[in-house]
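A.B. asks:
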Amino acid sequence: MTRASDLVSAAGIDPRQGAAEAAALMVRRLPLRINGRPQATPEEAVENGWCSGLGGFTDVIAAVTTSPCRWGTAFGGRWPWFEVGGHVVAPGIPVRLAAGTEDAGPDGVYSVDRGRVYREAAGRREVVLHTEESNSSNEPDFSLLWFSETARFLVRGAVLEIEDLFSKTLCSVTKRQLEHLLVRAGRVNEDVIEGLSFEGDARPTVVEVSRSLGFSKTPWREPVAFLESRIDVEEVNARGDRIFFKDVRSESVEFLVTNQDTGWTLERMKGHFPLEVLRLHKEGESLVLRATLAPEPDIFSPGLRGRVVFDLNADLGALLAPSGRYQKS
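Take the numbering used here: the last position of the sequence shown gets the number 591, and nothing is skipped along the way.
(1) Would you check if the distance between the CB atom of residue 435 and the CB atom of residue 450 is smaller than 8 Å?
(2) Taking 6 Å as the limit between beta carbons, can you name the residues of its chain near residue 358, skipping five residues before and five after?
(3) Could you check where the beta strand (DSSP E) with residue 532 kicks off and where it finishes?
(4) Should residue 278 go down as buried or exposed, given a rule of 16 or more other Cβ atoms within 10 Å for buried?
(5) Who are residue 375's beta bridge partners in DSSP?
(6) Could you tell me the boundaries of the alpha helix (DSSP H) in which residue 488 lies?
(7) Taking the C-alpha atoms as reference points, what is the distance between residue 361 and residue 267?
(8) Alpha carbon to alpha carbon, how far is residue 264 from residue 325?
(9) Taking its Cβ as the centre, do 16 or more other Cβ atoms sit within 10 Å of residue 426, making it buried, or is it exposed?
(10) Please classify residue 336 as buried or exposed, where buried requires at least 16 neighbouring CB atoms within 10 angstroms.
(11) Once the 5 residues before and after residue 504 are set aside, which same chain residues still bring their CB inside 8 Å of it?
(12) Measuring only the C-alpha atoms, how far is residue 319 from residue 304?
(13) The alpha helix (DSSP H) spanning residue 267 covers which residue range?
(14) In whole angstroms, what is the alpha-carbon distance linking residue 391 and residue 331?
(15) Terminal residues of the continuous beta strand (DSSP E) containing residue 423?
(16) Report the rounded CA-to-CA distance for residue 296 versus residue 428, giving the unit in angstroms.
(17) According to DSSP, is residue 286 helix, strand or coil?
(18) Measuring only the C-alpha atoms, how far is residue 477 from residue 355?
(19) When you compare the CB positions of residue 537 and residue 553, do they come within less than 8 Å of one another, or not?
(20) Please work out which residues of its chain come closer than 8 Å, Cβ to Cβ, to residue 458, disregarding the five sequence neighbours upstream and downstream, and give them in chain order.
(21) Touching or not, the segment 466-475 and the segment 569-580, by the rule of three or more beta carbon pairs under 8 Å?
(22) If we ignore side chains and look at the alpha-carbon of each, how far apart do residue 465 and residue 414 end up?
Laid out in structure tokens, this is it:
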């Protein structure tokens, strides 16, 4: 066997895969740690289950593909990428991409066009990699990146960003939580999180979903419309800067309303409600709904994030549905 097939096999990947596909699967398998403990060889990186620095990941992909490295920009800094058999592959990009095609990764849908790699996730489409030659000396804007079967995880300081096709979550993260999420669950050598700083005040968990506004004529600027579109609503009344909401379980909630040019914010003042703050605003051609969760329960509780994402998407979908419950008088 060749060195490339040995590396791929050691990572648990079928060595019969093509070079571009094998490199993309390596990206999915190996977390990327910026400024981590140096690793001598790609073999050591695979054995440890993670890559140290962009140079380390570049060496892994070069060994798997035997292709030369090029440099563009991504994640706020200079970023390596490879052209392998007509496909673009790169650290942080969990798919192989050919011009004019789309490929679904665990965290979203990717495509490449005119030197730009696009990623559609959390309801929006954005450029994640510019392949034009870059002389930037900027470091990437994160310290740790990895993929699960259904999401991308980024650590910036003591904040964890979890992003998938339907949502984005920002929450505080501790060393103990990373040990559970990555070291034990992912069976990765614990050195991957050594030296990370978790200083700073704990921040509330924010979950974001987004949908294209399109040609919808829904009165989304009116928070009453949003609350009345919920499936559990019984009664909604607005009085000045307050909205009073009662659900089908007779739970009563009082919200403080703040209106902005681009949308509105609801802050829970009294009553039981699973969310502390709701904000709906327009970004470009999309409506973005952000929810701040109460401190308990823990967002890492099994299934909780998925339930919150499902409910927020349902709420936003009901608001934008042509046949929604709300009728403007």
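Glycine residues also receive a C-beta, built at the ideal position from the N, C-alpha and C atoms.
No experiment lies behind these values; they were computed from the predicted model shown.
C.D. replies: If we stick to the structure as given:
(1) no
(2) Here the set comprises 282, 283, 286, 349 and 351.
(3) Here the beta strand (DSSP E) through residue 532 covers 525-532.
(4) exposed
(5) DSSP output for residue 375 lists 378 as bridge partner(s).
(6) 485-491
(7) 26 Å
(8) 10 Å
(9) buried
(10) buried
(11) Correct list, in chain order: 516, 517, 518, 519 and 531.
(12) 8 Å
(13) Secondary structure note for residue 267: its alpha helix (DSSP H) is the uninterrupted segment 265-272.
(14) 14 Å
(15) Where residue 423 is concerned, the enclosing beta strand (DSSP E) starts and stops at 421-425.
(16) 27 Å
(17) helix
(18) 32 Å
(19) yes
(20) 405, 406, 417, 437 and 440
(21) yes
(22) 20 Å
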